[in-house]
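Chains as they are written, first to last, in numbering that gives the first Met the number 0: chain G, 0 to 166; chain Y, 0 to 166.
2 protein chains.
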Amino acid sequence: MNYKDAKDKFIQTWGSLGTLWGINKAMAQIHALLLISPEPLSMEDIMGELHISRGNTSMNLRQLIDWGIVFKTSVVGERKEFFSSEKDIQELAKQIARERSRREIQPTLKVLKEVSSIEDDGTDKTKEFIKQTKSLHELAETADSIMNRVVNQEANWITKTFIKLLK
Amino acid sequence: MNYKDAKDKFIQTWGSLGTLWGINKAMAQIHALLLISPEPLSMEDIMGELHISRGNTSMNLRQLIDWGIVFKTSVVGERKEFFSSEKDIQELAKQIARERSRREIQPTLKVLKEVSSIEDDGTDKTKEFIKQTKSLHELAETADSIMNRVVNQEANWITKTFIKLLK
DNA sequence: TTAAACTTTCAAAAATTATTGAAAATTTAT
DNA sequence: ATAAATTTTCAATAATTTTTGAAAGTTTAA
Chain G
0 MNYKDAKDKF IQTWGSLGTL WGINKAMAQI HALLLISPEP LSMEDIMGEL
50 HISRGNTSMN LRQLIDWGIV FKTSVVGERK EFFSSEKDIQ ELAKQIARER
100 SRREIQPTLK VLKEVSSIED DGTDKTKEFI KQTKSLHELA ETADSIMNRV
150 VNQEANWITK TFIKLLK
Chain Y
0 MNYKDAKDKF IQTWGSLGTL WGINKAMAQI HALLLISPEP LSMEDIMGEL
50 HISRGNTSMN LRQLIDWGIV FKTSVVGERK EFFSSEKDIQ ELAKQIARER
100 SRREIQPTLK VLKEVSSIED DGTDKTKEFI KQTKSLHELA ETADSIMNRV
150 VNQEANWITK TFIKLLK
């Protein structure tokens, strides 16, 4: 496989993966493109490479910036803005974990805590409800904790230790 | 909050979370409903509780069964089929991790491995491409491994060790 | 200032995904 | 075997999400 094919395949795959995970295709593809580009890209560049409209590009770039994984970059002698992504994959994972936790897991934990705190009136259905929502709360908390720990500091050391222990 | 409100809130929350993660609302809600129900439910029951059509219920139940987290159950003296979900939350997490790995992570790993194996022609863009896709491959492998290990047997031991190490 | 370069916004259109409901298929009881 | 009960399928429709493109807004150079 040559560079061009590999690149297209990567961008395409990243795009469908995104879709599967509730991230829209354009956003995932822009991110993929910036991730493998050694130079920052302009909006024109992105529009051209991915064949998407100016508006689409602008909106999705904004979202990526909101997520903290793409940055505006200025290029000397150029008037327009350029964009580049976080290149350190560990840092990227960290940032994504941080945002998903903040946006999704924390609110879910809050609801689970709330609903699992209803008064136990002794009926089967209430007992089951409390039991299951409490278990989910516990699981979500553990998962969140592990995710953050793994992805945060010492990730490397931990990963190695872990894999050694478990292989 | 009373049982009814807590139940509605839980089902509603699970539904939107599902959407966020690329699972459709009906599927997530059916799952939520079965998860907290102490008794298996019939299709009629589910349709009634969630106000969704027969076809919708049937299709989404099938998907949940495909995922291995909902089972057909027979109830003595009843002609129609009943459904119940995996109630053990650990087991549920295990099953979901297993399926996501099989359906999403493995195929992605395959593509990453493939595209990161292009020949290095010495140009910046090729070098960057190989570097980044290799890093992603490594990250995905690690994440997959950790997820599976954590969620599989010894989850408890590992969690404790881990949290102790990192606190 | 002005005007060209560039970016953002947003209503409309297109594309995608989810849902319905009724016909077809299947299962079960007699 | 028959028919009633139940489930599945799937074309049509509805709902949602994404994308476009042009107008409005902003920034910069001169």
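Backbone N, C-alpha and C fix where the C-beta goes; we use that ideal spot for every residue, glycine too.
Annotation: Y/Lys79 is outside any beta strand (DSSP E) and is labelled neither H nor E by DSSP. G/Gly21 is not a Cβ neighbour of Y/Gly14, given a cutoff of 9 Å. Contact check between the segment 132-147 of chain G and the segment 109-116 of chain G: three or more CB pairs, one atom from each, fall below 8 Å, which counts as touching. Judged by DSSP in its simplified three-state form, Y/Thr122 adopts coil rather than helix or strand.
DSSP, reduced to helix, strand and coil, places Y/Val69 within a strand of the structure shown. 9 Å or more divides the Cβ of G/Ile129 from the Cβ of G/Asp143. For the C-beta of Y/Gly21, the chain G residues within less than 8 Å are, from N- to C-terminus, Thr18, Leu19, Trp20 and Gly21. Against chain Y, the CB of G/Glu103 has a partner CB under 9 Å away; the residue lies at that interface.
Bridge pairing for Y/Ser41: Y/Phe81 [DSSP].
Residues of chain Y with a Cβ closer than 7 Å to the Cβ of G/Asn1 are, in chain order, Ile117. Between Y/Phe9 and chain G, the shortest Cβ-Cβ separation is below 9 Å.
At the C-beta level, G/Ser84 and G/His30 come within 9 Å of one another. Excluding its 5 nearest sequence neighbours in each direction, G/Phe81 has C-beta neighbours in its own chain below 6 Å: Pro39, Ser41, Thr72 and Val74, listed in chain order. Listed along chain Y, the residues sitting closer than 8 Å to G/Val110 by beta-carbon distance are Lys8, Phe9 and Thr12. Per DSSP, reduced to three states, the secondary structure at G/Asp7 is helical. Under the 9 Å criterion on CB atoms, Y/Lys124 is classed as interfacial with respect to chain G. For Y/Glu113, the uninterrupted alpha helix (DSSP H) segment begins and ends at Gln105 to Val114. G/Ile10 and G/Arg99 have their alpha carbons spaced roughly 22 Å apart. Exclusion of the five residues before and after G/Leu34 leaves Ser84 as the residues of its chain whose Cβ lies within less than 6 Å of its Cβ. Of Y/Ser57, Y/Leu19 and Y/Arg97, the smallest CA-CA separation from Y/Met146 is found for Y/Arg97.
Burial is judged here by how many other beta carbons sit within 10 angstroms of a residue's own beta carbon; G/Gly47 has fewer than 16 and is exposed.
Y/Lys71 has a beta carbon lying at 9 Å or more from every beta carbon in chain G. What G/Gln131 touches in chain Y, judged by beta-carbon distance under 8 Å, is Leu34, Ile35, Lys86 and Ile88, going in chain order. In this structure G/Glu103 is in contact with Y/Leu19, their Cβ atoms being roughly 6 Å apart against a cut-off of 8 Å. In this structure, Y/Thr12 keeps its C-beta atom at 9 Å or more from the C-beta atom of G/Thr125. Counting along the chain, G/Lys86 sits inside no alpha helix (DSSP H), nor does DSSP assign it H or E at all. Contact check for G/Gln94 and G/Gly67: beta-carbon distance about 5 Å, within the 8 Å limit, so the pair qualifies. Here DSSP, grouped into helix, strand and coil, assigns G/Val74 to coil. At a C-beta separation below 9 Å, Y/Glu113 has these neighbours in chain G: Met0, Ala5 and Lys8. Here G/Asn151 has Lys93 as same chain residues with Cβ atoms under 7 Å from its own Cβ, once five neighbours each way along the sequence are excluded.
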